[in-house]
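For the sequence shown, this note's numbering gives the first residue as 7, with consecutive numbering after it. Beneath this line is the structure, given in structure tokens, with notes to follow.
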Amino acid sequence: MGKLDLRLRDLETAELLIASFESEDDAATWLRERPHMMEVLGLIAENSDPAMHQMLREAARPLDPDEAEVVRRMDVADAKARIAREIEHARRATAEAEAHRASLRSADPNRPMQISWSLEGDFAMMDPADEREITPAAKEAVLEWVRERDGWVADRGLMVNEAVLTVWPGPLPKGESRVQPGGKFIPAERPASTP
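Right under this line is the structure:
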């Protein structure tokens with residue numbers, strides 16, 4: 007077995023350290039004589055031999071009561087800091103989502119919509135923050151697009167099961183098609199009773 011590295015934490019400074027050893031025996035000897043206020047976090051090694059890992063765990067001198075109390079306090083502080091980070095992350099995500107919704111509310115209502123459609127006849131905006139109603143013109147364009155693709159795959163016993171496409175909901179700008187290029191669909195097997 008080659009060189010071994012142990013991940014350590016100095017319980018007086020919270021500094022993370024790495025201790026290197028030339029052999030398992032050297033590492034085991036150090037672990038038995040582990041310095042006070044030095045916590046062993048784990049082994050850094052390419053060798054995944056469970057027996058070697060178990061031997062080193064058993065060699066490690068247990069934490070003294072005062073060391074265990076420091077570890078407990080550090081773990082509590084780490085947990086509090088992690089929770090605070092998660093709360094801040096959620097707060098930022100909420101603020102960004104609200105800013106996104108606000109920007110959509112003030113955007114051109116006739117801008118293209120990205121719409122999803124399913125065989126059950128469900129229409130939905132791909133962006134849940136986009137609160138616009140899907141217009142009848144947009145729905146009809148989606149259905150026409152789906153019917154055309156149904157024709158493409160019918161001879162293979164398939165039909166359109168789901169689709170996502172971008173559609174102008176209202177007045178068409180000059181030279182534009184109602185459905186924008188780039189639409190995608192997922193086919194499914196056509197039931198035998200489907201015409």
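Even for Gly, the Cβ is constructed at its ideal location relative to N, Cα and C.
Query, Result
"Length of the line joining the Cα atoms of Asn116 and Pro193", "30 Å"
"Proximity of Ala103 and Ala135 at Cβ, strictly below 8 Å", "yes"
"Beta carbon of Trp123 nearer than 8 Å to that of Val148", "yes"
"Buried or exposed by the 16-neighbour rule on C-beta atoms within 10 Å, applied to Met132", "exposed"
"Per DSSP, the bridge partner or partners of Ala143", "DSSP, once it has assigned bridges, lists no residue as partnering Ala143."
"Range covered by the alpha helix (DSSP H) that runs through Val76", "Pro71 to Arg111"
"Any 3 or more C-beta pairs closer than 8 Å across the stretch 11-18 and the stretch 36-52", "yes"
"Residue closest to Glu146, alpha-carbon to alpha-carbon, out of Ile121, Glu182, Ala105 and Ala113", "Ile121"
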